[in-house]
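Reviewing the structure listed below.
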Amino acid sequence: MSYLNKVTGYREDILTNRSIVKRGNFALIEPDGIVKNVIPNFENCEVTILSSPKLGASFVDYLLNIEKGGYNHSGFGGDGIETFLYVFEGNLKVWNEEKETQLTDGGFIFCPEDKKLYFENTGDKKVRAFLYKRRYDRIEGHSAYTVIDNINDIQWVEYEGMKDVLIKDFLPSATDIGFDMNFHILSFKPGACHGYIETH
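Take the sequence shown: its letters are residues 256 to 455, numbered as in the numbering used here.
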């Protein structure tokens with residue numbers, strides 16, 4: 256049952272849930288178990304917390320359904336907290352203290368720890384988005400900066416020399432140590448896999 260898949264109210268069978276949460280390790284959350292959360296300053300938005308330090312994570316991430324006219328004008332992040340917002344579907348006006356843009360499907364914004372993220376759905380359709388925040392780990396002499404782009408405009412590159420595994424990086428953390436985090440998309444052609452078991 257979930258507001259996302261529009262299955263609410265009593266069921267005709269025994270309640271079940273396939274979600275798995277291993278505190279401090281991982282969480283696989285199926286749509287049937289997702290609930291709405293109330294987060295201050297998110298107006299006309301459906302918000303779901305996916306993970307948080309309560310689960311052992313060093314970050315908090317959210318699913319957002321931003322209704323027509325939905326917004327956060329008070330700001331999110333800043334004061335040591337970096338933020339990242341990715342639009343799955345829709346058109347969303349986003350800004351911080353130095354930049355403003357309109358994101359479409361695949362669009363994203365990263366705000367460094369000294370900039371708050373603001374957004375507003377100025378369109379006539381619901382916006383589906385992913386939102387992430389974490390405390391910035393500073394390295395003296397280096398800093399991150401605002402990044403605005405669209406994943407559809409970023410070229411695929413071979414991952415570690417493998418022609419059948421491709422990657423798109425959202426942030427320049429591999430070349431700029433001012434960024435203490437990254438998101439990326441991997442594409443595996445049929446039969447492809449990681450060359451080794453990664454340890455993080």
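Where a beta carbon is used, it is the ideal one built from N, C-alpha and C, also for glycine.
In whole angstroms, what separates the C-alpha of Ser274 from that of Ala282? Distance between the alpha carbons of Ser274 and Ala282: 8 Å.
By a C-beta neighbour count over all protein chains shown, 10 Å radius and 16 as the cutoff for buried, is Glu395 buried or exposed? The residue is exposed, with fewer than 16 neighbouring Cβ atoms inside 10 Å.
Asp369 in three-state terms, based on DSSP: Per DSSP, reduced to three states, the secondary structure at Asp369 is coil, with no helix or strand assignment.
Tell me whether the beta-carbon of Tyr373 lies closer than 8 Å to the beta-carbon of Val342. No, Cβ-Cβ distance for Tyr373 and Val342 is not below 8 Å.
Exposed or buried, Ala429, counting other C-beta atoms within 10 Å across all chains shown (16 or more means buried)? Exposed.
State whether the region 412-429 contacts the region 354-361, with contact taken as three or more CB pairs (one from each stretch) at a distance under 8 Å. By the C-beta criterion, the region 412-429 is judged not to be in contact with the region 354-361, since fewer than 3 inter-stretch pairs fall below 8 Å.
Secondary structure of Leu310, DSSP reduced to three states: In this structure, Leu310 counts as helix in the three-state DSSP scheme.
Rounded to a whole number of angstroms, what is the C-alpha to C-alpha distance between Phe365 and Glu267? When only Cα atoms are considered, Phe365 and Glu267 end up about 44 Å apart.
To the nearest angstrom, how far is it from the Cα of Met256 to the Cα of Glu337? With a pLDDT of 49 at Met256, under the threshold of 50, the modelled position of this residue cannot be trusted, and the question is left open.
Using the three-state DSSP reduction, which class does Asn405 fall into: helix, strand or coil? Reduced to three states, the DSSP call for Asn405 is strand.
Touching by the beta-carbon criterion (3+ pairs, under 8 Å), the region 323-333 and the region 404-411: The region 323-333 is not in contact with the region 404-411.
Beta bridge counterpart(s) of Gly450 as assigned by DSSP: Its beta-bridge partners do not exist; DSSP assigns none.
Can you tell which of Ile452, Asp431 and Glu413 has the C-alpha that lies nearest to the C-alpha of Leu441? Taking only the C-alpha atoms, the option nearest Leu441 is Glu413.
Work out the CA separation of Arg390 and Gly333 for me, nearest whole Å. Whole-angstrom Cα-Cα distance: 9 Å.
Hey, Thr401 and Asn351: beta-carbon distance below 8 Å or not? Yes.
Which same chain residues, not among the five before or five after Glu375, have their C-beta less than 6 Å away from its C-beta? In its chain, beyond the 5 residues on either side, Tyr326 and Lys348 have a beta carbon closer than 6 Å to the beta carbon of Glu375.
The beta strand (DSSP E) that contains Asp419, what's its start and end? Asp419: member of the beta strand (DSSP E) spanning Met417 to Asp424, first to last residue.
Measuring alpha carbon to alpha carbon, tell me which residue in Asn346, Phe331 and Phe438 is nearest Asn296. If we check each option's Cα against that of Asn296, Phe331 comes out closest.
Could you tell me which uninterrupted beta strand (DSSP E) segments, each at least 3 residues in length, are contained entirely in the region 323-381, listed from first to last along the chain? The region 323-381 contains these whole beta strand (DSSP E) runs: 336-344, 347-350, 355-358, 362-366 and 371-375.
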